[in-house]
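Scroll down for the structure; my scribbles are underneath it.
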DNA sequence: TGTACATCAGTGAACGCGCGTTCACTGATGTAC
DNA sequence: TGTACATCAGTGAACGCGCGTTCACTGATGTAC
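Encoded structure:
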């Protein structure tokens with residue numbers, strides 16, 4: 007081989023990683039050329055890794071959602087439900103768009119994706135809700151899922167509002183109010 | 007005058023109205039030509055009404071946010087806090103993107119607007135929170151504002167998640183869970 | 001009252017630009033003999 | 001061991017396209033005299 011075995015797969019993952027950060031930080035209008043340049047390549051090579059920009063969007067956001075979910079699961083394992091909530095509504099999560107939960111960064115755009123891409127995110131929402139539900143005590147499964155839906159709602163909404171509010175103190179208060187609400191909803 | 011007095015202002019409002027619907031339904035990438043065509047005009051005339059597309063985006067979304075806020079205020083006046091919550095988390099609001107709260111439709115994009123446009127939406131968030139706070143009883147003002155922030159969070163998050171979930175029943179359950187959470191947070 | 005001119009909302013061709021995508025090519029290195 | 005050839009990840013010019021924006025123009029109608 008002219009390149010080491012596995013080289014192409016490494017490059018592909020690298021492109022995915024760069025793309026998922028750029029899409030979350032700057033939106034889905036980010037171009038292929040900029041992404042490839044950031045990955046240390048030229049735009050022409052893109053199509054030997056992905057079929058289209060649409061494919062890159064779907065794959066990179068799914069990747070992003072998965073990684074964030076893994077981080078939240080880790081937080082929950084270490085510090086329980088409260089740690090998950092505080093991780094999601096942390097200042098770091100508010101400020102570092104490039105590592106944001108894909109929903110918090112781009113949910114407005116999901117409805118405009120082609121059907122095939124959308125289905126993937128519906129499933130991802132369910133997985134998030136199940137992750138949250140697994141941290142809750144009391145009630146039956148349906149009731150825990152219901153509370154998990156409410157909690158995901160307040161986490162997502164509070165984070166987005168905190169990002170929209172420009173005044174730093176008011177934004178921090180939004181995050182804190184969200185934490186309080188989520189913890190309250192988590193109690194049985 | 008070659009056109010009746012006030013004609014130009016009527017046209018301008020018409021363009022704003024069409025634009026605000028199209029932006030909410032299809033995103034901010036909607037083009038000037040399509041908007042003007044929808045308004046029964048040609049694209050060249052756009053610049054005698056607005057300085058740039060950025061201006062149209064800012065003005066039309068501000069308009070949209072204001073109108074939705076007026077609707078919510080009306081609902082609250084008729085049926086109190088619960089009516090406001092049920093209006094926001096109604097199936098109609100979920101399904102009719104073109105009449106959506108601008109935040110629920112486009113909040114992801116707000117952070118990418120130029121500074122001058124963003125300030126306007128920070129203020130609009132505050133106004134929404136004050137509208138909600140005004141429907142709450144008990145506590146002091148700061149405490150009611152705090153609960154209003156939590157409620158706006160859950161309204162916004164739950165609506166967006168309900169829009170993302172493709173399964174109709176699951177989506178309806180998301181809305182209902184959001185209503186329950188918002189009403190719970192509204193109680194002192 | 002009738003005619004010449006001014007006004008200006010709206011028209012549509014044209015612009016430069018960046019986009020997603022294609023494709024003939026490169027060149028480093030593995031394989032065949 | 002040395003040489004000819006095959007492989008294929010990556011290159012970069014070129015494409016058609018729709019975008020935001022500009023501008024010389026149109027034509028209906030108000031105003032001046």
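Residue numbers (our numbering), protein chains in the order written: chain A, 7 to 194; chain B, 7 to 194. Quick reminder that beta carbons are idealized off the backbone N, C-alpha and C, glycines included. All of these numbers come straight from a predicted model, not from anything done at the bench.
By Cβ distance, which residues of its chain are closer than 6 Å to residue i, with the 5 residues on each side in sequence left out?
i	result
residue 150 of chain B	139 and 142
residue 74 of chain B	107
residue 71 of chain B	108 and 130
residue 52 of chain A	38 and 42
residue 144 of chain A	194
Starting from residue i, trace the alpha helix (DSSP H) both ways and give me its first and last residue.
i	result
residue 99 of chain B	97-101
residue 78 of chain A	59-94
residue 33 of chain B	No alpha helix (DSSP H) holds residue 33 of chain B; DSSP gives it neither H nor E.
By the three-class DSSP mapping on this structure, what secondary structure does residue i have?
i	result
residue 141 of chain A	coil
residue 177 of chain B	helix
residue 9 of chain B	coil
residue 171 of chain A	coil
residue 108 of chain A	helix
residue 48 of chain A	coil
residue 118 of chain B	coil
residue 146 of chain B	coil
residue 158 of chain B	helix
residue 127 of chain A	helix
residue 20 of chain B	helix
residue 193 of chain A	coil
Which residues in the same chain have their Cβ closer than 8 Å to the Cβ of residue i, if we skip the five residues on either side of it in sequence?
i	result
residue 96 of chain A	181
residue 17 of chain A	45, 47 and 55
residue 158 of chain B	131, 134, 135 and 138
residue 28 of chain A	36, 40, 41, 44 and 104
residue 59 of chain A	38
residue 76 of chain A	none
Which same chain residues, not among the five before or five after residue i, have their C-beta less than 7 Å away from its C-beta?
i	result
residue 103 of chain B	30, 31 and 111
residue 56 of chain B	62
residue 156 of chain B	191
residue 88 of chain B	189
residue 24 of chain A	41, 44 and 45
residue 81 of chain B	89, 90 and 93
residue 171 of chain B	177 and 180
residue 185 of chain A	91, 92 and 95
residue 167 of chain B	180
residue 79 of chain B	137
residue 115 of chain B	34
residue 22 of chain B	65, 66 and 69
Could you confirm whether any beta carbon from chain B is found closer than 7 Å to the beta carbon of residue i?
i	result
residue 116 of chain A	yes
residue 112 of chain A	yes
residue 172 of chain A	yes
residue 126 of chain A	no
residue 163 of chain A	yes
residue 91 of chain A	no
residue 159 of chain A	yes
residue 183 of chain A	yes
residue 193 of chain A	no
residue 42 of chain A	no
residue 108 of chain A	no
residue 156 of chain A	yes
residue 167 of chain A	yes
Against chain A, with Cβ distances strictly below 7 Å, would residue i count as a contact?
i	result
residue 141 of chain B	no
residue 137 of chain B	no
residue 33 of chain B	yes
residue 68 of chain B	no
residue 102 of chain B	no
residue 187 of chain B	yes
residue 131 of chain B	yes
residue 152 of chain B	yes
Can we count residue i as close to the ligand GTP, meaning its CB is less than 6 Å from some heavy atom?
i	result
residue 117 of chain A	Annotation note on the ligand GTP: not contained in the displayed structure, which lists no ligands.
**OP:** Would you be able to state if there are at least three C-beta pairs under 8 Å between the stretch 114-129 of chain B and the stretch 62-72 of chain B?
**Re:** yes
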